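Adding 1263 to a residue's 1-based position in the sequence shown gives its number in this note's numbering. Using N, Cα and C, we set each Cβ at its ideal position, and we do this for glycine too. Since the model is a prediction, treat every value here as computed from it, not as a measurement.
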Amino acid sequence: MTAAVQAVQLARYEHLFIGGEWVAPEDGGFIESIDPSTGRVWAVAAYGGPRDIDKAVAAARAALEGPWGRMPGHERAALLRRFADLYRDNAAELAMLETRDNGRALRETRVDAGGHHLGYHWWASLADKASGRTIPFDDSVHAFTTRVPVGVVGAITPWNVPLMAAAWKLGPALAAGCTVVLKPAEQTPVTSLALGRLFEQAGFPPGVVNIVPGYGRDGAGERLTAHPDVDKITFTGEGATAKAILRVGADTMKRFTFELGGKSPHIIFADADVEQALNAATNSAWTLCGQSCALGSRVLVQRPIYDRVVEAFRARAAKVRVGPPLDEANHMGPQAHAEQLAKTLSYIELGRQAGAELVAGGKRLSGGIHGEGYFVEPTVFANVANDMRIAREEIFGPVAALIPFDDEEEAIGLANDSAYGLTAGLWTSDVGRAHRVSSRIKAGMVWVNTYRFIRWSTPYGGFKGSGWGRENGVEALDAYLETRTTVISTTGRFPDAYAS
Ligand code: NAD
């Protein structure tokens, strides 16, 4: 194909969404977005620089001080509902775009994008319920609290789940009455820009939602973080980036929500329904091509069933169809970008060198249907020790590390021996054990006899290095509200401190 023909076929998203208008970047430019299943450019998208961020923040501030700030909660709710319905009607298209942009298998993106409208409806239902409380004291005062929006929010999202991350931030922020500048990752700008059309059609006032893809350090992300008129940053991404954001945002005393990485333990006791546990454990090792913070990448298995589980992982890895993600026959697409592919392959090599036993996979797939795409085999390491780097660091690839244990105490110790604390799973048929173990796991979310049950209504977030604050649940609404305490004297009298 000639360059000219290819250029004609590229999808084009050449404007930023700022102040309710589609505008050309002022000091940004254009990102060539790579389809990771081919390694070739598939779309051209606008990205913003610092001046574009300044414009977006000014628009968000004006909306907050203007019609949006004065709009009653039930009217904000109505707009969110209209948006949710448009989202539902466009979910199939959004899923397809997300798959093109980050390579996630369409059979997964369809389910993911197909559910977000329910989340937006749920957030709409909370938009007029941010009530305060009265504080009893004595009859000289009437004291009460009101909940007010934090203000202008900078929402910075990663490349693995752009639509989901946007939903988890935009839903509660808008329900709380904040305005937002959404900055998706430079690798995956397309679906976030596509959301702009839906906000426009839903009739949101200009500037309530602004969408400016861009780079992080020295780019739109850093400007958003440093901007004195941004009140809060809500960020999903890597811990190292969160620390950089904290340092830059400290100067203006921003509020933060951080959703960071995970290295989650998935514990299978010998008394469990092992087939069900295997369904969950294999899926949670390979879904999203391993590129999710919540995956059970450390599978802790009690010794009596360890060999059986290893064998089952080997057999099931052979059944995973890895291929072009738009083909819904395929279970797993490519890694989302070339750097992630290199990172995954380097960790596989580290596992080998550390002496873990490679039971399945381990290689890049290329040629034939895989062409030049960034495909990796579903990979299984057995006899992994918890101090190996493949058990301690987030790989973000389809790599399961199977670690044996003897008893409950050892399982809990191994589970908690991690810098992360995002999620954990455990499988047992002993209800007492389910309570004992789940209550001692240091993670923000613990699943018993299930895995990755995550909904808009279930608070989600990390202990330890996995983050600050919670997304989803009413807790997330709190994260976009400030509490104002008002004290009104019932007498209007105030003593003269200098009278005598
Ligand atoms: P990343 O930290 O590299 O980038 C995330 C976002 O931050 C991007 O938009 C990027 O442009 C921006 N950014 C980068 N440097 C910045 C800076 N100095 N200032 C401001 N913005 C900056 O993360 P990633 O590689 O895109 O995403 C993968 C990570 O996200 C993994 O660690 C994964 O576990 C985590 N994640 C967590 C959750 C969760 O809910 N806990 C969900 C999805 C992904």
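With a cut-off of 7 Å, the C-beta of Tyr1276 is classified as distant from the ligand NAD, since no heavy atom of the ligand falls inside that distance. In the three-state reduction of the DSSP assignment, His1278 falls in the coil class, being assigned neither a helical nor a strand state. Check the Cα spacing between Val1415 and each of Pro1661, Leu1487, Ala1368, Val1424: the tightest is with Leu1487.
If you draw a straight line from the Cα of Gly1378 to the Cα of Ser1403, it comes to about 51 Å.
By DSSP's assignment, Met1708 forms a beta bridge with Thr1686. Where Leu1744 is concerned, the enclosing beta strand (DSSP E) starts and stops at 1744-1752. Contact between Asp1315 and Pro1288 holds, with the beta-carbon distance rounding to 6 Å and staying under 8 Å.
Look at Val1424: its beta carbon is less than 7 Å from one of the heavy atoms in the ligand NAD. The C-alpha of Phe1467 lies about 51 Å from the C-alpha of Val1564. Distances from the CA of Arg1627 to each of Gly1618, Gln1616, Ala1617, Glu1640 were compared; the closest alpha carbon is that of Glu1640.
Residue range 1415-1419 is occupied by the beta strand (DSSP E) that includes Gly1417, with no alpha helix (DSSP H) assigned at that position. Following the DSSP letters along the chain, one finds His1529 inside the beta strand (DSSP E) bounded by residues 1528-1531.
Between the ligand NAD and Pro1288, a heavy atom-to-CB distance of less than 7 Å is absent.
With respect to Tyr1276, Leu1458 sits apart: the two C-beta atoms are not nearer than 8 Å. Here the distance from the Cβ of Ser1729 to the nearest heavy atom of the ligand NAD is below 7 Å.
Classified as exposed, Glu1591 has fewer than 16 neighbouring CB atoms from the shown chains inside 10 Å of its CB.
Asp1494 and Glu1284 have their C-alpha atoms spaced approximately 23 Å apart. Nearest in C-alpha terms to Ala1540, of all of His1633, Ser1560, Leu1689, is Leu1689. Residue pairing from DSSP places Phe1668 in a beta bridge opposite Gln1565. DSSP places Asn1542 within a helical segment (H, G or I) once states are collapsed to three. Just so you know, the alpha carbons of Pro1491 and Ala1762 end up roughly 44 Å apart. Membership of Ile1316 in the alpha helix (DSSP H) is indicated by the continuous run 1313-1328. Phe1716 has its CB no nearer than 7 Å to any heavy atom of the ligand NAD. Thr1372 and Leu1381 have their C-alpha atoms roughly 15 Å apart. The region 1604-1612 makes no contact with the region 1695-1709, as fewer than three CB pairs between them are under 8 Å. If only uninterrupted alpha helix (DSSP H) runs of at least 4 residues are considered, none is enclosed by the region 1376-1418. Secondary structure of Glu1295 (DSSP, three-state): strand. The closest heavy atom of the ligand NAD lies less than 7 Å from the beta carbon of Glu1485.
The bridge partners DSSP lists for Ala1308 are Tyr1276, Ile1294. The beta-carbon separation of Leu1437 and Trp1386, rounded to 7 Å, stays under the 8 Å limit for a contact. The residue among Trp1422, Gly1395, Ile1530 with its C-alpha nearest the C-alpha of Thr1691 is Ile1530. For the 8 Å CB-CB criterion, Gly1707 and Leu1677 do not form a contact.
If you check the CB distance, Gly1312 and Ala1465 do not come in under 8 Å.
Between the ligand NAD and the CB of Tyr1478, the shortest heavy atom gap is smaller than 7 Å.
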